[in-house]
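Written out below as structure tokens is the structure these notes cover.
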Amino acid sequence: MKKLLISTVMATTLLTGCATIVSKSDYPVKIQSQPTNAEFVIKNRAGEIVSKGLTPKVVVLKAGAGYFKGEKYTITFKKQGLPTQSILLDSTLDGWYIGGNFLFGGLIGHLIVDPLTGAMYKLPEAVNVNLGGDNQALNIISINTLSESQKEQLIKLN
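Counting in my numbering, the sequence shown runs from 898 upward without gaps.
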């Protein structure tokens, strides 16, 4: 009986990934805008619509898009009388995947389980976009989040 219990615990440990156990592969993300009640559409990296609605709203999004592939989403916001804006929401590596598998999950968790389940990636808790309106604000963005056409326009301005 004792050997069976030890074998079961060892097999469970070896056949699971740390991020899969401690973390998750789907994340609730709060979609917000200023002003509120803006329409939004979320498309995944394949261009498929995965969610839409009015801000503010919490949507559940998958962090992974396949084996060793984090998901990327394009969120487009529209509000009558204001310019349409699109932003890129990109998944990042989960700390439990990196450190947890080193300590607990081993190679199976690191190379198979967490990459297959998408638990090696995480998404932010919220997205907040200022569409203009009355509350003008300075938005700092990374050039890596711009589309190729936006980068070309930026180069033309300089």
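Yeah, the Cβ is synthetic: ideal placement off N, Cα and C, and Gly gets one too.
Keep in mind that this is a model prediction, so the values were computed, not measured.
Query: Proximity of D923 and K954 at Cβ, strictly below 8 Å; Result: no
Query: Rounded separation between I939 and D987 - CA only; Result: 12 Å
Query: Close Cβ partners of Q982 (< 7 Å) along its chain, the five nearest in sequence each way excluded; Result: F974, V1026 and L1028
Query: Cβ distance (whole Å) where T989 is taken to contact Y964 below 8 Å; Result: The Cβ separation is near 17 Å, so there is no contact.
Query: Nearest residue (CA-CA) to A962, options S1046, V926 and L1020; Result: L1020
Query: Residue range of the beta strand (DSSP E) that includes Q982; Result: Q982 to D987
Query: Length of the line joining the Cα atoms of S1044 and K969; Result: 13 Å
Query: One or two residues paired with P1021 in a DSSP bridge; Result: According to DSSP, P1021 bridges with nothing at all.
Query: S1046 classed as buried or exposed, judged by whether at least 16 other C-beta atoms fall within 10 angstroms; Result: exposed
Query: For K975, three-class secondary structure by DSSP; Result: strand
Query: Strand pairing of Q929, partner residues [DSSP]; Result: N1025
Query: C-alpha distance - T933 paired with P980, whole-angstrom precision; Result: 14 Å
Query: Same chain, Cβ closer than 8 Å to G949, neighbours up to 5 away in sequence not counted; Result: It is worth fixing the name first, because residue 949 is Lys in this sequence and not Gly. Here the set comprises E936, F937, V938 and I939.
Query: Pick from V957, A1023, G967 and P925 that is closest to A943, judged by C-alpha positions; Result: G967
Query: C-alpha gap between S930 and I972, whole angstroms; Result: 12 Å
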